[in-house]
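Novice: My structure is below; once you've seen it, I'll send some questions.
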Amino acid sequence: MKRDYYEVLGVSRTGGDGEIKKAFRKLAREIHPDVNKNDPEAETKFKEAAEAYECLSNPETRAAYDRFGFEGVQRGGFQDFSQFSFEEIFRSFFGEDIFGGGRTSAARGTDVAVAVEISLTEAASGVKREVEYQAVSGCEPCGGSGAAPGTSRETCEVCKGSGQVRTVSRTAFGQFMRTGICRRCKGEGSVVETPCKECGGRGAVMAGRKMEVDIPAGIDDGQSIRLSGLGGRGERGGPAGDLYIQVTVAGDEKLIRDGDDLIYHQRLTIVEAAIGTTVAVPTLEGEQEVDIKPGTQFGEVVRLKGKGMPQLRGRGRGDLRIIVDIVVPRHLNSGQKDLLREFARTTSEKNYSSDEGIFDKIRTALS
Ligand SMILES: [Zn+2]
Ligand SMILES: [Zn+2]
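In terms of our numbering, the sequence shown is residues 844 to 1210.
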């Protein structure tokens, strides 16, 4: 069931042209395709509003609608919006300028990504890296104009330099004015008569660029740095794209990163863990001696405060966590076994194998 055109636009039947236009613009902003990308109903709503506006904004079709209703306007081959895309209809009503001008003709340049691999130490200190990449750039010989050196761009005679053309479509109910991009100059307002040989008249070429990039301290594996405006050049005055530096932080042989913390696995023999010792632990600043207290257990963590990674764009640093792994001897000769049995016999600590204890059992068996 079609809704009444006045109801669609929310204006009274006696509303003037200005009122109808204002109501439609307000409605159009609300259901603009860019704002409602995920709303499947937005397109239908907009088409409904566009149809209502097209009818009511023209005195003849409006009069026909007022007298005969939908019958009055449908008879004469009124625009069937269902065959047009949402964008097309939108542009046909508003041309380029509805939301602040130059929307369609100016195009943003492309984004470019460059991969960079750095070491963990470089990630900790921050590092400068020279990167090379290809991006659409202004053509040098013609200064980006596209016109051969010594010549210049000429004003487009089709659109007289505006980059836009108005087309008038006639229907049984009158004329409808539409604004579109000039095809001759593609909206630029000027054309190249003698194209530059270097760029073929496009004013832009793919060119290699080199630059030094500051990779900040604390950057993590997989993070990107965005350098605004360093990507491909924009078209028709549009802004340049961005350059993304995609950083990979290579794994370190000894230190494992865990956010801002670093982890180091320190292996200890049962004797070292039991009696205590001093070990040399790798840190970002070189080796550091660390005391291991007697009776250290498997999995215990010794924390070196502030010896981890710096926080990205922050002031603090994480910790270095030393996790203790205890290595149990695999190959013992009989003398060593005897020593351990002797130790087991004299220790006040409980054996876990049974209430009697494995060494007690062995001893019983041997005696
Ligand atoms: Zn033109
Ligand atoms: Zn050129």
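Every residue, glycine too, gets a C-beta built ideally from N, C-alpha and C.
#1: Could you tell me the distance, in whole angstroms, from the CA atom of residue 1122 to the CA atom of residue 1130?
#2: Within the structure, which residues are defined as neighbours of ligand 2 by a Cβ-heavy atom distance below 6 Å, reported in chain order?
#3: How long is the line joining the alpha carbons of residue 942 and residue 874, rounded to whole angstroms?
#4: Out of curiosity, what's the CA-to-CA distance linking residue 1085 and residue 1036?
#5: Run the CB neighbour count on residue 844, radius 10 Å, all protein chains shown included, and call it buried at 16 or more, exposed below.
#6: Along the chain, where does the alpha helix (DSSP H) that runs through residue 1114 open and close?
#7: Closer than 8 Å by C-beta to residue 850: which residues in its own chain qualify, once you throw out the five before and the five after it? Chain order, please.
#8: For the alpha helix (DSSP H) holding residue 1098, just list the boundary residues, first then last.
#9: Using only Cβ atoms and a threshold of 5 Å, which residues come within that distance of a heavy atom of ligand 1? Order them by chain position.
#10: Return the CA-CA distance between residue 1173 and residue 1110, expressed in angstroms with no decimal places.
#11: Let me make sure I understand the geometry here. Which of 1193, 1185, 1116 and 1178 has the alpha-carbon closest to that of residue 1171?
#12: Out of curiosity, what's the CA-to-CA distance linking residue 1180 and residue 1108?
#13: Select from 890, 896 and 971 the residue whose C-alpha is nearest the C-alpha of residue 1090.
#14: Anyone know if the C-beta pair for residue 1160 and residue 1144 falls short of 7 Å?
#15: At a cut of 8 Å, does the region 1041-1052 reach the region 998-1014 through at least three beta carbon pairs?
#16: Considering only C-alpha positions, which residue in the set 903, 884, 1053 and 1096 is nearest to residue 1088?
#17: If you reduce the DSSP assignment to three classes, tell me which class residue 991 lands in.
#18: Please state whether DSSP places residue 851 in a helix, a strand or coil.
#19: Residue range of the alpha helix (DSSP H) that residue 1053 falls in?
Specialist: So, from the listed chains and residues:
#1: By one-based count along the sequence shown, residue 1122 stands at place 279. By one-based count along the sequence shown, residue 1130 stands at place 287. The straight-line gap from Cα to Cα measures roughly 10 Å.
#2: 982, 984, 985, 989, 1039, 1041, 1042 and 1046
#3: Numbered from its first residue, the sequence shown carries residue 942 at position 99. Numbered from its first residue, the sequence shown carries residue 874 at position 31. A caution first: residue 942 carries a pLDDT of 36, below 50, which makes its placement in the model unreliable, though a value can still be read off. If I take the Cα positions, the gap works out to 13 Å.
#4: In the sequence shown, counting from the first residue as 1, residue 1085 sits at position 242. In the sequence shown, counting from the first residue as 1, residue 1036 sits at position 193. Cα-Cα distance, rounded: 32 Å.
#5: By one-based count along the sequence shown, residue 844 stands at place 1. That one is exposed.
#6: Position 271 of the sequence shown, counted from the first residue, corresponds to residue 1114. Note, residue 1114: alpha helix (DSSP H), 1113-1118.
#7: For the purposes of this step, residue 850 is taken as residue 7 along the sequence shown, with counting starting at 1. Close CB contacts of residue 850 within its chain, under the 8 Å cut and outside five residues either way in sequence, are absent.
#8: Counting from 1 along the sequence shown, the entry for residue 1098 is found at position 255. Here residue 1098 belongs to no alpha helix (DSSP H), and DSSP marks it neither H nor E.
#9: 999, 1001, 1002, 1025, 1027 and 1028
#10: Position 330 of the sequence shown, counted from the first residue, corresponds to residue 1173. Position 267 of the sequence shown, counted from the first residue, corresponds to residue 1110. Taking the straight line joining both Cα atoms gives about 15 Å.
#11: For the purposes of this step, residue 1171 is taken as the residue at position 328 of the sequence shown. When each option's Cα is compared against that of residue 1171, the closest is 1116.
#12: Against the sequence shown, residue 1180 aligns to sequence position 337. Against the sequence shown, residue 1108 aligns to sequence position 265. Rounded to whole angstroms, residue 1180 to residue 1108 spans 28 Å at the Cα level.
#13: The sequence position of residue 1090 within the sequence shown is 247, counting from 1. When only C-alpha atoms are compared, the closest one is 971.
#14: One-based indexing of the sequence shown puts residue 1160 at position 317. One-based indexing of the sequence shown puts residue 1144 at position 301. Cβ distance not < 7 Å, so residue 1160 and residue 1144 don't count as in contact.
#15: no
#16: Locating residue 1088 in the sequence shown gives position 245, counting from the first residue. For residue 1088, the nearest C-alpha among the options comes from 1053.
#17: Residue numbering aside, residue 991 sits at position 148 when the sequence shown is read from its first letter. Coil.
#18: Reading the sequence shown from its first residue, position 8 is the one you call residue 851. In the three-state scheme derived from DSSP, where H, G and I count as helix and E and B as strand, residue 851 is classed as helix.
#19: Start at 1 with the first residue of the sequence shown, and residue 1053 comes out as number 210. Annotation for residue 1053: no alpha helix (DSSP H) segment contains it, though the beta strand (DSSP E) segment containing it runs 1047-1058.
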